[in-house]
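**Student:** My structure is below; once you've seen it, I'll send some questions.
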Amino acid sequence: DQQVKQNSPSLSVQEGRISILNCDYTNSMFDYFLWYKKYPAEGPTFLISISSIKDKNEDGRFTVFLNKSAKHLSLHIVPSQPGDSAVYFCAVLNSGGYQKVTFGTGTKLQVIP
Amino acid sequence: DVKVTQSSRYLVKRTGEKVFLECVQDMDHENMFWYRQDPGLGLRLIYFSYDVKMKEKGDIPEGYSVSREKKERFSLILESASTNQTSMYLCASSENQETQYFGPGTRLLVL
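Line order of the protein sequences matches chains A and B.
Under the working numbering, the residues of the first sequence are numbered 1 to 113, in order.
Under the working numbering, the residues of the second sequence are numbered 1 to 111, in order.
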């Protein structure tokens with residue numbers, strides 16, 4: 001039962017344009033929504049998060065949008081740079097009991113110079 | 001800077017062998033995690049620990065066990081390695097649940 005889905009396994013974008021990565025989730029009880037970025041041969045690194053009480057969080061070129069009614073999360077990167085080429089994982093933090101993070105399947109972003 | 005180190009970057013083992021993957025963090029974090037990453041499946045949680053000598057099963061614990069004898073060290077054990085355990089194994093530690101710090105990963109090949 002996949003609680004977090006990233007339906008696009010890959011995405012190509014021209015340098016300078018906007019990258020939009022999408023994520024859908026099934027459980028409305030999640031407290032936090034997270035994005036991690038992973039380069040080849042490295043572990044994932046935390047990128048940005050949003051609380052369930054907000055609908056937008058911005059950090060420089062990165063903005064995360066949360067649509068709770070649609071159970072949809074998106075990450076916008078503007079402008080995209082070649083160094084943004086990586087695999088992006090969305091993740092959700094379960095509420096209650098021992099909190100644990102559930103990751104999506106990942107989207108490989110390629111920013112073309 | 002938080003540093004999470006994993007004992008090996010690459011490992012090749014034979015079916016049936018007992019395999020130990022070690023993870024050490026230097027930030028005095030309470031929480032530690034083991035994941036595996038597979039194409040098309042993302043990161044899946046195997047086991048986690050919120051304190052020394054404490055462990056909790058994640059989403060795919062079958063075929064694995066863990067040990068946390070010291071706060072900084074979290075070991076993943078494959079009791080009898082099988083080919084379907086060929087994967088990238090990632091260890092992480094955290095102070096809070098939002099931000100996990102990952103090691104570089106161990107790519108395990110079971111023949």
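We treat Cβ as the ideally placed atom computed from N, Cα and C, and that holds for glycine.
Please list the partners that Gly116 of chain A has in chain B, where partner means a Cβ-to-Cβ separation under 7 Å.
**Tutor:** Missing from the structure shown is residue 116 of chain A; chain A here goes from 1 to 113 and no further.
**Student:** Comparing alpha-carbon positions, which option in A:Cys90, A:Asp59, A:Ala70 lies nearest Ser28 of chain A?
**Tutor:** Here the closest residue by C-alpha is A:Ala70.
**Student:** To be precise: take each residue of the stretch 51–67 of chain A, compare its Cβ to all Cβ atoms of chain B, and keep it if any distance is under 8 Å. Which residues remain?
**Tutor:** Flagged: no residues at all.
**Student:** Could you tell me whether any Cβ in chain B is nearer than 9 Å to the Cβ of Lys100 of chain A?
**Tutor:** True, the Cβ-Cβ gap to chain B drops below 9 Å.
**Student:** By the criterion of Cβ-Cβ separation under 7 Å, what are the contact partners of Ser10 of chain A in chain B?
**Tutor:** Neighbours of Ser10 of chain A on chain B: none; closest Cβ ~11 Å, over 7 Å.
**Student:** Leaving out five residues on either side along the sequence, give the residues of the same chain with a beta carbon under 8 Å from the beta carbon of Asp55 of chain A.
**Tutor:** Within the same chain, Asp55 of chain A has close Cβ partners Phe65, Leu66, Asn67, Lys68.
**Student:** Are the beta-carbon atoms belonging to Ala81 of chain B and Glu17 of chain B less than 9 Å from one another?
**Tutor:** Cβ distance < 9 Å, so Ala81 of chain B and Glu17 of chain B count as in contact.
**Student:** Would you report the Cα separation of Lys71 of chain B and Lys100 of chain A, rounded to the nearest angstrom?
**Tutor:** Each residue's alpha carbon lies about 19 Å from the other.
**Student:** Return the CA-CA distance between Trp34 of chain B and Leu76 of chain B, expressed in angstroms with no decimal places.
**Tutor:** If I take the Cα positions, the gap works out to 7 Å.
**Student:** Considering Cα atoms alone, identify which of A:Leu109, A:Tyr88, A:Ile53, A:His72 is closest to Tyr25 of chain A.
**Tutor:** Checked all of A:Leu109, A:Tyr88, A:Ile53, A:His72; the closest Cα to Tyr25 of chain A is A:His72.
**Student:** Figure out for me which residue from A:Ser74, A:Gln81, A:Val78 has the closest Cα to the Cα of Cys90 of chain A.
**Tutor:** When only C-alpha atoms are compared, the closest one is A:Ser74.
**Student:** Can you have a look at Arg9 of chain B and say buried or exposed, based on whether 16 or more other CB atoms are within 10 angstroms of its CB?
**Tutor:** Counting Cβ neighbours within 10 Å, Arg9 of chain B comes out exposed, since fewer than 16 surround it.
**Student:** Give the residues of chain A in contact with Leu45 of chain B, contact being defined as C-beta atoms less than 9 Å apart.
**Tutor:** Those within 9 Å of Leu45 of chain B in chain A are Lys100, Val101, Thr102, Phe103.
**Student:** Is it the case that the stretch 10–30 of chain B contacts the stretch 94–110 of chain B, given that we only count it when at least three CB pairs across the two stretches are under 8 Å?
**Tutor:** Segments in contact, yes.
**Student:** What residues from chain A crowd round Pro61 of chain B, counting only those whose CB sits closer than 9 Å?
**Tutor:** Correct list: empty, because the minimum Cβ distance to chain A is about 12 Å.
**Student:** Tell me, which residues are paired with Ser75 of chain B by DSSP?
**Tutor:** According to DSSP, Ser75 of chain B bridges with B:Glu22, B:Ser67.
**Student:** Answer with yes or no whether the minimum CB distance from Gln6 of chain A to chain B is below 9 Å.
**Tutor:** Chain B contact via Cβ: present.
**Student:** According to DSSP, is Asn84 of chain B part of a helix, a strand, or is it coil?
**Tutor:** Note: Asn84 of chain B maps to helix in three-state DSSP.
**Student:** If you follow the beta strand (DSSP E) that Ser10 of chain A is in, where does it begin and where does it stop?
**Tutor:** 10–14 is the span of the beta strand (DSSP E), which, as asked, contains Ser10 of chain A.
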